[in-house]
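See below for the structure under consideration.
Protein chains: 2
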Amino acid sequence: MGYQIELRHFTYFLAVAEELHFRKAADRLFISQPGLSRQIKQMEEIIGVTLFIRNKRKVSLTVAGEYLKKELDYIFNHIDFTIKQTRLIDKGSDGEIRIGFLGSAMQTIIPELLIKVNEQYSNVQFSLEEMSNHLQVEGIEKDQLDLGFVRLARVPKGIQMKTVHVDTFSLVLPKNHYLEEKNFKNIAQVSDQHFILFSSDYSSLYYDKIMSICEDKGFTPKVSHKSVHAQTIFKLVESGLGVAIVPTSLQYGFDLGVKFLEIPKISQKATLSVIWKQDNRNPVLEKIWRFL
Amino acid sequence: MGYQIELRHFTYFLAVAEELHFRKAADRLFISQPGLSRQIKQMEEIIGVTLFIRNKRKVSLTVAGEYLKKELDYIFNHIDFTIKQTRLIDKGSDGEIRIGFLGSAMQTIIPELLIKVNEQYSNVQFSLEEMSNHLQVEGIEKDQLDLGFVRLARVPKGIQMKTVHVDTFSLVLPKNHYLEEKNFKNIAQVSDQHFILFSSDYSSLYYDKIMSICEDKGFTPKVSHKSVHAQTIFKLVESGLGVAIVPTSLQYGFDLGVKFLEIPKISQKATLSVIWKQDNRNPVLEKIWRFL
DNA sequence: CTATTTGATAACCCATAGTTATTAATCAAT
DNA sequence: ATTGATTAATAACTATGGGTTATCAAATAG
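As given, the protein sequences belong to chains A and B, one line each in that order. Taking full-length UniProt numbering, I'd label the letters of the first sequence as residues 1 to 292. Taking full-length UniProt numbering, I'd label the letters of the second sequence as residues 1 to 292.
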């Protein structure tokens, strides 16, 4: 039977591979179970490989099926993005670029980038999403993201990294706090305060750096609260629940009842880096590359 | 009409995009022209993009179509390879790895690699093809090759390179030539001879190095013949048509009427490098990586 | 031992890929 | 202009095969 493999087969295969249950997969696909069974069987015949082990009571993937699932996930992602890009290009757009970023990057580097790119390529569309370091790395690896703005010491193989901004750290205090620029000499002056920090799973490098800043001055901070949003942290500081240490550039763009005091004489820097995949196939990336 | 895009559409689209002629494309696909026309039209409707400009006398791709063609070429290549790998895994094989190499790599590094990998993973299949530096780089870029063994100073972005073997150069002479190991001091002793070299388009770095070896000794070689095959070069030397300079390791594995004299006191080295793409998706590559 | 769950089989139906026949437009050559 | 050749689109038809319902057979649970 000289059948031909089609995307339909792949779609059905993935549904069964995920559900590991023919009827549930069929429901999800809005087709009948026998129809699904036949298509899967046909697919196995076409490529000549048993993909599922049916134990009459349990369905599981073979090793080959496992491999195929992983690749087909990637292939579908690529096809979807390609069609999306094709539509954008057709509409006269220069395409879309998908950017992930830490909140702090929104204060400095990202707005600059958007403005510069927009001047040159007014038809490039941006898809911006705030997300953690970890999720950005994952997004880049899975080709679901073109650029990421992270604070990381190193990234997995296959991902490129380049520093785009080096920032100092600032102490964040309630507006009515007794410390001022003139009488602020040393971070140890707040060693007895409670600290509010970014969660370590949002950015573990950040977390470690804050710890080392304090340790260098001879104390371990009492961490009372953690959050993933700068705004939340500021609100907590404003409410008198503690103090915080954050990258200095975060003081712009918010209108809150806190004050920033740049921490003098410390070696730690808040480095922001872009990450990307070397052989990203999004043509937009080449265009905007020189703006980084 | 809630149609669904299928690989069939992609196949047909690529045929028309290549032929730029509906009837010819239809012939190639062994279907009728109206059938093809309708499928293309349907595809355009599904993704909502005009892919071809039909001037009633000439068919051409739109910008969006051009982009789509490039990506679909890549996607089909990926799908084909994935299915091939799936079949191999199913057969108990650990998959296939596609290696390109310069002839000279077959003397040293490649046989070693094959033996070592085979000990550990007896089910990994090798696809070996001798090809020029240039074609290897192209193969790597298009994901049609997993590893390349080249002699290059640098490679395009997105491709990784690592030196695996550093070799000296040897002078190749007919067996009855008056120069012997004892009376061979300097390459200038053959400055009046004709030279037979590898073609510069087979390996331009090699070509440049040979030239610089001679220039360092104060002469420009008279190049009388060029070839892409070591065997041919040796045959020409044997026939008395000239002398050659090649990487020393080439002396093993051939049984020819020529003799090798290692060239003393020169700075030039014949460096052989592996090249690969960082995010190659062939799982076999990871496995054999440590053997390099 | 019965009830239930689940995938495979069998037989049928109809949507649609592909067919043939024809038309309409464009161009080249007289 | 007229004719002829090329080429894609349209129209009408055909039949393959994807999807359906009904049913079975094996495997577990209670």
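Even for Gly, the Cβ is constructed at its ideal location relative to N, Cα and C. Here the structure is a predicted model, which means the values were calculated and not measured.
Neighbouring residues, chain A, relative to residue i (Cβ below 8 Å)
i, result
"A64 (chain B)", "T86, R87, I89, D90"
"E138 (chain B)", "Within chain A, no residue comes near E138 (chain B); the closest Cβ sits about 14 Å away, beyond 8 Å."
DSSP three-state assignment for residue i, whether helix, strand or coil
i, result
"I266 (chain A)", "coil"
"T232 (chain B)", "helix"
"V274 (chain B)", "strand"
"I196 (chain B)", "strand"
"G2 (chain A)", "coil"
"H78 (chain A)", "helix"
"K116 (chain A)", "helix"
"Q189 (chain A)", "helix"
"T163 (chain A)", "strand"
"K287 (chain B)", "helix"
"G95 (chain A)", "strand"
"P34 (chain A)", "helix"
"K226 (chain A)", "strand"
"S203 (chain A)", "coil"
"K259 (chain A)", "strand"
"P247 (chain B)", "strand"
"L20 (chain B)", "coil"
"S239 (chain B)", "coil"
"F101 (chain A)", "strand"
"F13 (chain A)", "helix"
"P111 (chain B)", "helix"
"L171 (chain B)", "strand"
Residues that residue i contacts on chain B, provided the C-beta gap is smaller than 7 Å
i, result
"Y202 (chain A)", "Residues of chain B passing the Cβ test: none, with the nearest at roughly 26 Å."
"G100 (chain A)", "By Cβ distance, chain B contributes nothing, its closest Cβ being about 18 Å from G100 (chain A), past 7 Å."
"D279 (chain A)", "G158, K277, D279"
"I47 (chain A)", "I83, T86, R87"
"E286 (chain A)", "Those do not exist, as E286 (chain A) stays about 10 Å from chain B at its closest Cβ, beyond 7 Å."
Inter-residue spacing [alpha-carbon to alpha-carbon] between residue i and residue j
i, j, result
"M1 (chain B)", "K91 (chain A)", "Note on M1 (chain B): pLDDT 47, under 50, position unreliable in the model; no value is reported."
"A105 (chain B)", "M43 (chain B)", "47 Å"
"F195 (chain A)", "E262 (chain A)", "16 Å"
"P156 (chain A)", "L72 (chain B)", "28 Å"
"G200 (chain B)", "P247 (chain B)", "Note on identity: in this sequence residue 200 (chain B) is Ser, with Gly being the wrong assignment. Taking the straight line joining both Cα atoms gives about 15 Å."
"P264 (chain A)", "Y178 (chain A)", "18 Å"
"E130 (chain B)", "Y202 (chain B)", "11 Å"
"P221 (chain B)", "S249 (chain B)", "22 Å"
"K69 (chain B)", "A17 (chain B)", "7 Å"
"F184 (chain A)", "A64 (chain B)", "60 Å"
"E45 (chain B)", "S37 (chain A)", "30 Å"
"K175 (chain A)", "F234 (chain A)", "11 Å"
"E238 (chain B)", "I187 (chain B)", "19 Å"
"E66 (chain A)", "R54 (chain A)", "15 Å"
"S132 (chain A)", "T108 (chain A)", "17 Å"
"V150 (chain A)", "S204 (chain A)", "11 Å"
"L236 (chain A)", "I245 (chain A)", "13 Å"
"S170 (chain B)", "F260 (chain B)", "6 Å"
"E112 (chain A)", "Q251 (chain A)", "17 Å"
"W289 (chain B)", "E286 (chain A)", "30 Å"
"K269 (chain B)", "V166 (chain B)", "6 Å"
"L215 (chain B)", "S191 (chain B)", "Correcting the residue type first, residue 215 (chain B) is Glu in the shown sequence and not Leu. Taking the straight line joining both Cα atoms gives about 10 Å."
"E19 (chain B)", "K226 (chain B)", "37 Å"
Neighbour list for residue i in chain B, Cβ cutoff strictly below 9 Å
i, result
"I75 (chain A)", "I75, H78, I79, T82"
"L68 (chain A)", "T82, I83, Q85, T86, I89"
"E18 (chain A)", "Residues of chain B passing the Cβ test: none, with the nearest at roughly 18 Å."
Listed by chain order, chain B residues near residue i by CB distance under 8 Å
i, result
"R8 (chain A)", "Q4, E6"
"K182 (chain A)", "In chain order: nothing, as chain B lies at least about 51 Å away."
"T50 (chain A)", "D90"
Chain-ordered chain A contacts of residue i [CB-CB under 9 Å]
i, result
"Y252 (chain B)", "Per Cβ cutoff of 9 Å: no residues; Y252 (chain B) is ~35 Å from chain A at best."
"E262 (chain B)", "The contacting residues do not exist; E262 (chain B) stays about 38 Å from chain A at best."
Closer than 7 Å at the beta carbon, the chain A residues around residue i
i, result
"E215 (chain B)", "In chain order: nothing, as chain A lies at least about 37 Å away."
Please confirm if the region 141–158 of chain B is in contact with the region 87–101 of chain B, defined as three or more CB-CB distances below 8 Å between the two stretches.
-> Short answer: they touch.
Cβ pair count under 8 Å reaching 3, the region 152–162 of chain A against the region 273–287 of chain A = For the pair of segments examined, the region 152–162 of chain A was found to touch the region 273–287 of chain A: the number of CB pairs separated by less than 8 Å reaches three.
Open item on the list: Would you call the region 103–121 of chain B in contact with the region 70–88 of chain B, where contact means no fewer than 3 C-beta pairs closer than 8 Å?
Closed with: At 8 Å Cβ cutoff, the stretches do not touch.
*Any chance you could list the alpha helix (DSSP H) runs of at least 4 consecutive residues sitting entirely within the region 120–158 of chain A, in chain order?*
Listed in chain order, the alpha helix (DSSP H) runs fully inside the region 120–158 of chain A are 133–141, counting runs of at least 4 residues.
Open item on the list: Would the region 67–84 of chain B count as touching the region 1–13 of chain B if we require 3 or more Cβ pairs under 8 Å?
Closed with: They touch, by the three-pair rule.
Every unbroken beta strand (DSSP E) within the region 36–67 of chain B, with a cutoff of 3 residues, ordered by chain:
For the region 36–67 of chain B, whole beta strand (DSSP E) runs of length 3 or above, ordered along the chain, are 52–54, 59–61.
ask   = How about the region 227–238 of chain B and the region 206–219 of chain B: do they share at least three Cβ pairs that are nearer than 8 Å?
value = Contact fails: fewer than three Cβ-Cβ distances are below 8 Å.
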